[in-house]
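My numbering puts the first residue of the sequence shown at 71, with every later residue one more than the last. Have a look at the structure below, then the notes.
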Amino acid sequence: MDNNPPIYTLRNASISFGLKPLFNELNVYIKRGDKISLIGRNGSGKSTLLKVIAGEIKPDNGELFTQPGIKISYMPQEANLSGYNSLREVVLSGLYDIHEEYKADILIDELEILKDQPPKSASGGECKKALLAKALVGEPDILLLDEPTNHLDVVAIEKLEEVIKKWSGAVVIISHDKAFLSNITNNMFWLDRGTMRHSDKGFSFFEKWQEQVIEQDIIEQKNFNKKLEEETEWLHKGVTARRKRNQGRLRRLIELREQRRNQIKQVGSVNFEIEKSEGNSKLVIEAKSISKAFGNRDIVKDFSLKVIRGNKIGIVGPNGAGKTTLIKLLTKKLDPDKGFVRIGKNLEEAYFDQTRMNLDLTKTLWKTLCEDGDHVFVRGAHRHVVAYLKDFLFKPEQANTPVSALSGGEKNRLMLAKILSNPSNFLVLDEPTNDLDMDTLDLLEEVLSEYDGTVLIISHDRNFLDKVATSLIYMKGDGKVIEFVGDYSALIKQIKEEEAVNALKNQPKEIKKEIETKQVSKKPTKLSFKDEYLLKTLPTEIAKLENEINSSENKLADPLFYQKCPEEFKNLANNLEKMKLDLEEKETKWLEIEMLKEELEG
Numbered sequence: 071m072d073n074n075p076p077i078y079t080l081r082n083a084s085i086s087f088g089l090k091p092l093f094n095e096l097n098v099y100i101k102r103g104d105k106i107s108l109i110g111r112n113g114s115g116k117s118t119l120l121k122v123i124a125g126e127i128k129p130d131n132g133e134l135f136t137q138p139g140i141k142i143s144y145m146p147q148e149a150n151l152s153g154y155n156s157l158r159e160v161v162l163s164g165l166y167d168i169h170e171e172y173k174a175d176i177l178i179d180e181l182e183i184l185k186d187q188p189p190k191s192a193s194g195g196e197c198k199k200a201l202l203a204k205a206l207v208g209e210p211d212i213l214l215l216d217e218p219t220n221h222l223d224v225v226a227i228e229k230l231e232e233v234i235k236k237w238s239g240a241v242v243i244i245s246h247d248k249a250f251l252s253n254i255t256n257n258m259f260w261l262d263r264g265t266m267r268h269s270d271k272g273f274s275f276f277e278k279w280q281e282q283v284i285e286q287d288i289i290e291q292k293n294f295n296k297k298l299e300e301e302t303e304w305l306h307k308g309v310t311a312r313r314k315r316n317q318g319r320l321r322r323l324i325e326l327r328e329q330r331r332n333q334i335k336q337v338g339s340v341n342f343e344i345e346k347s348e349g350n351s352k353l354v355i356e357a358k359s360i361s362k363a364f365g366n367r368d369i370v371k372d373f374s375l376k377v378i379r380g381n382k383i384g385i386v387g388p389n390g391a392g393k394t395t396l397i398k399l400l401t402k403k404l405d406p407d408k409g410f411v412r413i414g415k416n417l418e419e420a421y422f423d424q425t426r427m428n429l430d431l432t433k434t435l436w437k438t439l440c441e442d443g444d445h446v447f448v449r450g451a452h453r454h455v456v457a458y459l460k461d462f463l464f465k466p467e468q469a470n471t472p473v474s475a476l477s478g479g480e481k482n483r484l485m486l487a488k489i490l491s492n493p494s495n496f497l498v499l500d501e502p503t504n505d506l507d508m509d510t511l512d513l514l515e516e517v518l519s520e521y522d523g524t525v526l527i528i529s530h531d532r533n534f535l536d537k538v539a540t541s542l543i544y545m546k547g548d549g550k551v552i553e554f555v556g557d558y559s560a561l562i563k564q565i566k567e568e569e570a571v572n573a574l575k576n577q578p579k580e581i582k583k584e585i586e587t588k589q590v591s592k593k594p595t596k597l598s599f600k601d602e603y604l605l606k607t608l609p610t611e612i613a614k615l616e617n618e619i620n621s622s623e624n625k626l627a628d629p630l631f632y633q634k635c636p637e638e639f640k641n642l643a644n645n646l647e648k649m650k651l652d653l654e655e656k657e658t659k660w661l662e663i664e665m666l667k668e669e670l671e672g
């Protein structure tokens, strides 16, 4: 239990967006060291809430308290960098003290930012890294990040994870990257149907938590429907509602019906399937010894691949490695310099482009899906375009709005709606997960897993690839391309092992012999005297610490303690943190010695 007082408090706040109320009686508490994942569907108010915490939007009412001297830094999803001459300038603009430029240079080095690159010619990934460094460099007490992994390759995402894990301040993150959130968060804020739920567990617990909430909702819904039935029956029995003693009960019935009406109005879950074509070619793609270079730089070098119907292949690698180029080669949109590519018969391709070039921004959502008429043909049946849009979380009133009015996530959903309605047996998805909310992402994973056609996917989302891809193609960026059957973690492990072997091969003979000698050096056969002593004494010390921690937590749990003795409360809270760290160290040490003992005895 963390009893430290919050550094940011928002209590009983109401927030509206135009005429639409987003939150009512909202409560937010952020403590130092919190790593919070902010979860919710697109349109649930996640970005608005970040702006409220950042101070860019004021709540309509409620109490707001920030501890004196607290610094808050906010990285929006998109930012205008036209006023900067280099990415280093972007990072420097986040400093509170211009004399601390060395801090900017440390972050630039850590995140491997091309510091001299002008923003106008830099890639989306480089600009994103510069914006992250700008948010980090001032060492804020609260760091707010809106989709920080968008445009980043996996290497950059892993570096960001390392930075945030070491971060002593609080962090609130909006992200669709489940692996990223699972690796770094210890708290969750879940915006769910106009309310905010809180859990003091990390994102890896989210699916279990979601199931618990849904189960509870089902129980409450059954009780609610039963109550509504009873109240309606009471009204139908002809009891006079005008009588004063029955007016309260009638009001309650009206309120129950209004609640039910609002529940029915809620836009449903994402619901889509892929329209299949009749094509049945078993061989989809054969690439034989293909090579492609731009100038002196090899993109693909002597690569061969056979893609069979039903394969779902993920393509991974750093930004700029040539992943999109490889897809163009495999789909014959670009000719190789050497080798050949053969494509199977009756192949009907549907292409999802990360730049959304296939969307006409001037058209309405309706016209995008259905140029003429008001129905689309999906899964062997005609469906009204508004009903089909609802499957993708669009409201009926959005059907006649232009595409240009949509958010990034909504454009992605519309693109998915468009390509999944076309008959196809071959899907090409270039960064499909960017800006998707988790409900849409979950359904996309499910649909692709059940799809019996072939899929090529470029993605930096490790969790998504692990759930969908049957194999991975890894591009390092030097022309070497390898295919690997297994998940992303196993791929990286294999690459690191190969690099270690190659590094050993390249060592001079003397050093190589020394390394090999160290690797096979004789191991001890029993525990040292010191380890034997610690193995006996640590359990007693651990038990004593646990009792002291429980006692301190019970004292700090008293709501009046902080009001009566704030200084004593603070000292006890600080001491509690030290005891917890001490306990963790002792438990880890005991476990290490116990494992060593088992290994020696085994």
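Idealized CB from N, CA, C, for every residue including glycine. Remember, it's a predicted structure, so these values are computed and weren't measured experimentally.
(request) Assign R483 to one of two classes, buried (16 or more other C-beta atoms within 10 Å of its C-beta) or exposed (fewer than that). (result) One-based indexing of the sequence shown puts residue 483 at position 413. It counts as buried.
(request) Return helix, strand or coil for T79, following the three-state DSSP convention. (result) Taking the sequence shown and counting its residues from 1, one reaches residue 79 at position 9. In the displayed model, T79 falls within a strand according to three-state DSSP.
(message) With a threshold of 8 Å, are at least 3 pairs of Cβ atoms found where one atom belongs to the segment 214-223 and the other to the segment 140-151?
(response) yes
(request) Would you identify the three-state DSSP class for D368, choosing helix, strand or coil? (result) Position 298 of the sequence shown, counted from the start, is the residue given in the question as residue 368. If DSSP states are grouped into helix, strand and coil, D368 belongs with the strands.
(message) Check for me: the beta strand (DSSP E) holding L134 runs from which residue to which?
(response) Residue 134 sits at position 64 when you count from the first residue of the sequence shown. Unbroken beta strand (DSSP E) run through L134: N131 to T136.
(request) Taking R453 as part of the alpha helix (DSSP H), name the residues at either end of that continuous run. (result) Within the sequence shown, residue 453 is the residue found at index 383, counting from 1. Looking at the DSSP string, R453 is not in any alpha helix (DSSP H); the run it does join, the beta strand (DSSP E), is A451 to H454.
(request) Pick helix, strand or coil for Y521, following the three-state DSSP scheme. (result) Locating residue 521 in the sequence shown gives position 451, counting from the first residue. Reduced to three states, the DSSP call for Y521 is coil.
(request) Can you check the segment 404-464 for any beta strand (DSSP E) of at least 3 residues that lies completely inside it and give the ranges in chain order? (result) Runs found: 408-413, 419-422, 445-448 and 451-454.
(request) Per DSSP, which residues does R267 bridge with? Please list them. (result) The residue given as residue 267 occupies position 197 in the sequence shown. Partner(s): W260.
(message) By the three-class DSSP mapping on this structure, what secondary structure does I127 have?
(response) On the sequence shown, residue 127 is found 57 positions in, with the first residue counted as 1. Looking at I127 - three-state DSSP - the assignment turns out to be coil, as it is neither helix nor strand.
(request) Compare the C-alpha of D505 against each of P75, P188, S117 and P91 and name the closest. (result) Here residue 505 refers to the residue found at position 435 when the sequence shown is read from its first residue. For D505, the nearest C-alpha among the options comes from S117.
(message) Across the segment 240-259 and the segment 540-555, are there enough close Cβ pairs to call them in contact, namely three or more that are closer than 8 Å?
(response) no
(request) Tell me whether G164 sits in a helix, a strand or coil according to DSSP, three-state version. (result) Within the sequence shown, residue 164 is the residue found at index 94, counting from 1. The answer is coil: DSSP assigns G164 none of H, G, I, E or B.
(message) Pop quiz: K199 and A226 are said to be a contact at Cβ under 8 Å. What is the actual Cβ separation, rounded to whole angstroms?
(response) Counting from one through the sequence shown, the residue named residue 199 turns up at place 129. Counting from one through the sequence shown, the residue named residue 226 turns up at place 156. Yes, they are in contact, since the Cβ atoms of K199 and A226 sit about 6 Å apart, within 8 Å.
(request) Identify every residue that forms a DSSP beta bridge with P472. (result) Within the sequence shown, numbered from 1, the residue matching residue 472 stands at position 402. For P472, which the question treats as bridged, DSSP gives the partners T434.
(message) Out of F273, V377 and P388, which one is the CA nearest neighbour of I562?
(response) For the purposes of this step, residue 562 is taken as the residue at position 492 of the sequence shown. Comparing Cα positions, the closest option is P388.
(message) How far does the beta strand (DSSP E) with F93 in it extend, from its first residue to its last?
(response) Residue numbering aside, residue 93 sits at position 23 when the sequence shown is read from its first letter. Taken as a continuous stretch (DSSP letters only), the beta strand (DSSP E) holding F93 covers K90 to I100.
(request) Drop a sphere of 10 angstroms on the beta-carbon of R532, count the other beta-carbons inside from all chains shown, and report buried for 16 or more, exposed for fewer. (result) As a position in the sequence shown, residue 532 is number 462, starting the count at 1. R532 is buried by the Cβ-count criterion.
(message) Quick check on D674: does DSSP put it in helix, strand or coil?
(response) Outside the displayed span of the chain (71 to 672) sits residue 674, for which this structure offers no information.
(request) Apply the 10 Å Cβ neighbour rule to I176 and answer buried if 16 or more other Cβ atoms are within range, or exposed otherwise. (result) Here residue 176 is taken as the residue at index 106 of the sequence shown, counted from 1. Exposed: under 16 other Cβ atoms inside 10 Å.
(request) May I ask you to report which of helix, strand or coil DSSP gives L514? (result) As a working mapping, residue 514 is identified with position 444 in the sequence shown. Of the three classes helix, strand and coil, the one that applies to L514 here is helix, per DSSP.
(message) Could you check whether the Cβ of M258 sits closer than 7 Å to any heavy atom belonging to the ligand SAH?
(response) As far as ligands go, the structure on display features none, and thus does not contain the ligand SAH.
(request) Assign Y78 to buried or exposed, taking buried as 16 or more other Cβ atoms, counted over all protein chains shown, within 10 Å of its Cβ. (result) By one-based count along the sequence shown, residue 78 stands at place 8. Looking at its Cβ environment, which holds 16 or more other Cβ atoms inside 10 Å, Y78 is buried.
(request) Figure out for me which residue from H452, H445 and W436 has the closest Cα to the Cα of Q468. (result) Residue numbering aside, residue 468 sits at position 398 when the sequence shown is read from its first letter. The shortest CA-to-CA distance from Q468 to any of H452, H445 and W436 is the one to W436.
(message) For G239, tell me which candidate among S156, K141, Q286 and L162 has the shortest Cα-Cα distance.
(response) Position 169 of the sequence shown, counting from 1, holds the residue named residue 239. Residue K141 is the option with its Cα nearest to G239.
(request) Determine, using beta carbons only, whether L80 and P129 come nearer to each other than 8 Å. (result) Here the question's residue 80 lines up with position 10 in the sequence shown. Here the question's residue 129 lines up with position 59 in the sequence shown. Yes, the pair counts as a contact, with Cβ atoms nearer than the cut-off.
(message) I need the DSSP call for I528, collapsed to helix, strand or coil.
(response) Indexing the sequence shown from 1 puts residue 528 at position 458. DSSP places I528 in strand when its eight states are reduced to three.
(request) State yes or no: is the C-beta of T673 within less than 8 Å of the C-beta of V354? (result) This structure cannot speak to residue 673, because the chain is shown only from 71 to 672.
(request) Report all residues from its chain with a CB closer than 7 Å to the CB of N155; omit the five preceding and five following residues, and keep chain order. (result) The sequence position of residue 155 within the sequence shown is 85, counting from 1. So the list reads P188, once near-sequence residues are dropped.
(message) Please classify L222 as buried or exposed, where buried requires at least 16 other C-beta atoms within 10 Å of its C-beta.
(response) Locating residue 222 in the sequence shown gives position 152, counting from the first residue. Answer is buried; the Cβ neighbour count reaches 16.
(message) By alpha-carbon positions, which one of Y558, I234 and L459 ends up nearest to I383?
(response) Counting from 1 along the sequence shown, the entry for residue 383 is found at position 313. The shortest C-alpha separation from I383 is found at Y558.
(request) Going by DSSP, name the residue or residues bridged to Y144. (result) What you label residue 144 is simply residue 74 of the sequence shown in a count that begins at 1. Paired residues: L214.
(message) Less than 6 Å between C-beta atoms, sequence neighbours within five positions excluded: which residues of the same chain meet that for L201?
(response) One-based indexing of the sequence shown puts residue 201 at position 131. Closer than 6 Å at the Cβ level, and outside the excluded window around L201, lie M145 and A149.
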